[in-house]
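A.B. asks:
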Amino acid sequence: MDTIAAISTPLGSGAVGIVRLSGDKALEIVDMLFRPYKASKLTDAASNTMCLGELSCSGISDRCLAVYFAAPNSYTGENVAELHCHGGVSLVKRVLDGCVRAGARAAERGEFTKRAFLNGKLALSDAEGVADMINADSAAAINAGYRLATGRTSTVVKEMQAKLLDSISYMEASLDYPEEMEDESKQDAIHTLRACADKLTALLATCNTGRYVKDGIKVAIIGSTNVGKSSLFNALTQSDRAIVTDIAGTTRDSIDEVIEAEGIALRLIDTAGIRDSDDKVESAGIERSRRLASGSDLVLFVTDASREITIEEEELLRQLNDGKKRIITVVNKCDLPRKNALKGIEISAKTLQGIDSVKKAAVDAVLDSNIDAGAEVITSQRHKDALERAAGSIASAIDNLNCAPSECTLLDMRAAYRALGEITGDTADEKIIDNIFQKFCLGK
Ligand SMILES: Nc1nc2c(ncn2[C@@H]2O[C@H](COP(=O)(O)OP(=O)(O)OP(=O)(O)O)[C@@H](O)[C@H]2O)c(=O)[nH]1
Ligand SMILES: [Mg+2]
């Protein structure tokens, strides 16, 4: 393979900037640019060991660290070298330029990880886990990415594929033999198919939770004007991002912010208070509030404890219920005398009473409590699609097994095998693979 090079750290002034090389000439190139202080060249020193030395290229020098990982024991499976220089933008760009002049090519997005996949170091789903970890913004999302990256999903999928393949081979072989053997192979197949069907059902049941774990929960704060939505938003985000006044109709445009609760990202949206308004700008904001409510995973319906519930609020609640929204009612201003009979979580955005209960309730309302924390969770739509197709083919194989020729069952079993292979990557076509790696950052 040709040799690729990229800056693997974000471009900006920082303590360290890493330029990474992978390919046939990676070691040769690093030896041209870098002189360790305690050896004549980096590759004379031990693999996987940092060496201090002097880097010279593109008219600049740096005292820095370098390391190499000899094939096949590297991230990509190829010879890999890394130059850990000082993290100046101009400096690392010149180092990359030096690598290119010495014979490397600038890497494309995700090309290091793509090579790791092509060299059998990672399953395709493992590589997706790496990207998920990089893009994660909550502890749960990082951990789900980590489980994916370290092969939890690919192992389960490969086990199913292996069992299917055994049954397929047995059934194929039995076609040329007397009926008893065909019956035996069908017995074997039904056993395998039922086990796979159960596993797939269990995996697919985690998809909803998986989506929230990975992408977070979209929470719209909705209610009449002046009930304290923006005050609640500020209390939850521990900021003063939203403007709070005692004038009804303060918030015109929505604002959003991500917080973490119980390890899950909550994507909070403060919205304009909903009421009848002749004001053009306010009406546009109210229209936006309704859209955001309907596009959210959860609505925090805020009401004011210090006054009775209004007809408009009752109407708004009815509309939200009709839209099948998950709703948590939040009764705010509980520091004032209570006049509002609506039941809900009692809080005061002013004294911060009950704010933690709102966070916990938001997570509990959306996450499936039946799924235990350490369980395998499907977080990717792509994996979900493939699992659904595999489950469909397996259901059809089970249906056909005793009433159609074995060939029909075999077709379904092969289709299930291929669908599962799209997850691990062994039957994924080039377009899918390219699409996945293009979502990576440069240098990964
Ligand atoms: N006593 C008390 N006052 C509160 C509380 N929360 C908010 N307020 C007051 O209620 C008024 C309205 O608060 P906002 O947060 O701007 O209300 P809002 O729902 O965002 O209002 P709009 O943006 O106009 O829809 C302000 O004067 C706040 O100080 C609370 O918990 N207790
Ligand atoms: Mg507001």
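Going left to right, the sequence shown walks through residues 224 to 667 as our numbering numbers them. For every residue, glycine included, the Cβ atom is placed at its ideal position computed from N, Cα and C.
#1: Taking DSSP as the reference, what is the three-state secondary structure of I564?
#2: Leaving aside the five residues before and after V600 along the sequence, list all residues of the same chain whose C-beta is less than 7 Å from its C-beta, in chain order.
#3: Are the beta-carbon atoms of L201 and I283 separated by less than 9 Å?
#4: Could you have a look at V303 and say whether DSSP puts it in helix, strand or coil?
#5: Which of the three DSSP states, helix, strand or coil, is assigned to G237?
#6: Given 8 Å as the limit, tell me if D355 has its C-beta closer than that to any heavy atom belonging to ligand 2.
#7: Are A229 and G666 close, meaning C-beta to C-beta below 9 Å?
#8: At the level of alpha carbons, what is the spacing between S500 and L539?
#9: Quick check on I230: does DSSP put it in helix, strand or coil?
#10: Do L427 and E305 count as a contact pair if the criterion is CB distance below 9 Å?
#11: Out of A362, I413 and E402, state which residue places its alpha-carbon closest to the alpha-carbon of L387.
#12: Grouping DSSP H, G and I as helix and E and B as strand, with all else coil, what is F257?
#13: Among the residues of its own chain, which have a CB less than 6 Å from the CB of Y393, if the five just before and after it don't count?
#14: With a threshold of 8 Å, establish whether the CB of G567 neighbours any heavy atom of ligand 1.
#15: Is there contact between the segment 341 to 352 and the segment 368 to 379, where contact requires at least three CB pairs shorter than 8 Å?
#16: Would F335 and S245 be called neighbours here (beta carbons separated by less than 9 Å)?
#17: Tell me where the beta strand (DSSP E) around F292 begins and ends.
#18: Give a single yes or no on whether S453 has its beta carbon closer than 8 Å to a heavy atom of ligand 2.
#19: Report all residues from its chain with a CB closer than 7 Å to the CB of G755; omit the five preceding and five following residues, and keep chain order.
#20: Note down the Cα distance separating A327 from R475, rounded to an integer number of angstroms.
#21: Taking 8 Å as the cut-off, is the beta-carbon of D652 closer than that to any non-hydrogen atom of ligand 2?
#22: Do the segment 226 to 242 and the segment 258 to 265 touch if we need at least three Cβ pairs shorter than 8 Å?
C.D. replies: A quick look at the data gives this:
#1: It should be pointed out that residue 564 corresponds to Ala in this sequence rather than to Ile. Looking at A564 - three-state DSSP - the assignment turns out to be coil, as it is neither helix nor strand.
#2: A367, T429, T432, G433, V436 and I594
#3: Because the chain here runs from 224 to 667, residue 201 falls outside it and cannot be looked at.
#4: strand
#5: strand
#6: no
#7: yes
#8: 15 Å
#9: strand
#10: no
#11: I413
#12: strand
#13: S408 and D411
#14: no
#15: yes
#16: yes
#17: I283 to F292
#18: yes
#19: Past the edges of the chain, shown from 224 to 667, lies residue 755, and the structure says nothing about it.
#20: 53 Å
#21: no
#22: no
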